[in-house]
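As you go down the protein sequences, you meet chains A and B in turn. Mind the numbering: the first sequence is residues 1 to 127 in our numbering, read in order. Mind the numbering: the second sequence is residues 1001 to 1164 in our numbering, read in order. Glycine included, every Cβ here is placed at the ideal spot set by N, Cα and C. Reviewing the structure listed below.
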Amino acid sequence: MIRLNAKGTQVTLFNERGLLQSTAGDVFKEPYQIGSDLCTVFPLLGSLLPTLVELTISDAPFHIDAVEGSVLQDGIYDLSFERVPINGELLIMWVIHERSEYYTKLRKAQQRYNEEEILRQQKGESS
Amino acid sequence: MISKKVILTGSFGVGKTSLFNQFIYSKFSEKYLTTIGVKVNKRLIEVDGQELNILLWDIAGEIKQDKVPVNYFAGAEGILYVFDVTRKQTYDNIEQEIEYIKTLIPHAVIKIVGNKSDLLDQAALDALTQHVDVPIDCLTSAKTGDNVEQLFEILGRELIHISA
Chain A
1 MIRLNAKGTQ VTLFNERGLL QSTAGDVFKE PYQIGSDLCT VFPLLGSLLP TLVELTISDA
61 PFHIDAVEGS VLQDGIYDLS FERVPINGEL LIMWVIHERS EYYTKLRKAQ QRYNEEEILR
121 QQKGESS
Chain B
1001 MISKKVILTG SFGVGKTSLF NQFIYSKFSE KYLTTIGVKV NKRLIEVDGQ ELNILLWDIA
1061 GEIKQDKVPV NYFAGAEGIL YVFDVTRKQT YDNIEQEIEY IKTLIPHAVI KIVGNKSDLL
1121 DQAALDALTQ HVDVPIDCLT SAKTGDNVEQ LFEILGRELI HISA
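Structural data, given as structure tokens:
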């Protein structure tokens, strides 16, 4: 179940042309009018639309995790997309969940590992 | 106008984010900050009089490409496989990694990019071609900006050509 009032969540419906049908949440930095072309605002969406329109209502949600974007509030987000029939039209539902705390911890651990590994590799190269 | 999704991929610490920042913002930072997932931005370029909108994905570095979430590759038409010219481990298994990517996106244009070229002299860069088991398409320096524009021009030209 999607909680529309949950902090760090945005639920958006758009059509096969990427035009906004409705949206609710607190993740978008700016408000967008119904009918706005989301693909021009969100390059990620622009590059995924051909894939998303191929989804059917029986397909599992399509996930893109750990996304950082300048048009979203500062943070790291998990995205999911699925086809939903609404008022006789097959729309795409886009759900954004903020997961900054989790990914920040993960990044810290990954950073430490990567730095140690790069150092180890460089020492190996020079020996 | 033509739009194409292009992914920067390769091992960690090879400079994918630096290439992303150099291409999109004309900026470079010495500070290394691990990419944990994905960042996407776009830039309009002109190649041979044609406009091309590059939708560029900067993804977390993985030594093995089968660790990259498959969904990241969805709809990609261009791949920039980046390695670090100073770290053998980042180009050791490049042929197998490219083969794996081809199984996911068989029709994508793939370019092999040796980054951090500013850290080696010309003789070492010339010798590199003998150590990398696939042809290198471009040697870049995200730090100095050397060859970064040319890299996207080469890729863009091919992307336009295949969509013609």
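Annotated three-state conformation of B:Thr1086 is coil, per DSSP. The CB of B:Leu1055 comes closer than 7 Å to the CB of Pro43, Gly46, Ser47 in chain A, given here in chain order. One alpha carbon belongs to A:Pro43, the other to B:Lys1042, and they sit about 6 Å apart.
In the three-state scheme derived from DSSP, where H, G and I count as helix and E and B as strand, A:Tyr32 is classed as coil.
Identification of residues in the region 1017-1036 of chain B having a C-beta nearer than 8 Å to some C-beta of chain A yields Tyr1032, Leu1033, Thr1034, Ile1036, given in sequence order. Each residue's CA atom was taken as its position, placing B:Leu1139 and B:Asn1147 some 7 Å apart.
Where A:Ile86 is concerned, the enclosing beta strand (DSSP E) starts and stops at 77-86.
At a cut-off of 9 Å between C-beta atoms, A:Asp65 counts as an interface residue with respect to chain B. In the structure shown, A:Ser22 falls within a strand segment according to DSSP collapsed to helix, strand and coil.
Listed by position along chain B, the residues whose Cβ is nearer than 7 Å to that of A:Arg107 are Thr1034, Ile1036. Residue state for B:Glu1077 is assigned as coil, using DSSP reduced to three classes. Counting only runs of 4 or more residues that sit fully inside the region 1082-1142 of chain B, the alpha helix (DSSP H) segments are 1094-1104, 1122-1131, in chain order. Straight through space, the alpha carbons of A:Ser22 and A:Asp65 are spaced by roughly 22 Å.
In this structure, A:Thr40 sits away from A:Val95, with a CB-CB distance that is not shorter than 9 Å.
Excluding five sequence positions before and after A:Pro85, the CB atoms of its chain that fall closer than 8 Å to its own CB belong to Ile57, Leu91, given in chain order. A:Arg99 sits in coil when the DSSP states are folded into three classes, being neither helix nor strand. The Cβ of B:Asn1071 sits closer than 9 Å to at least one Cβ of chain A.
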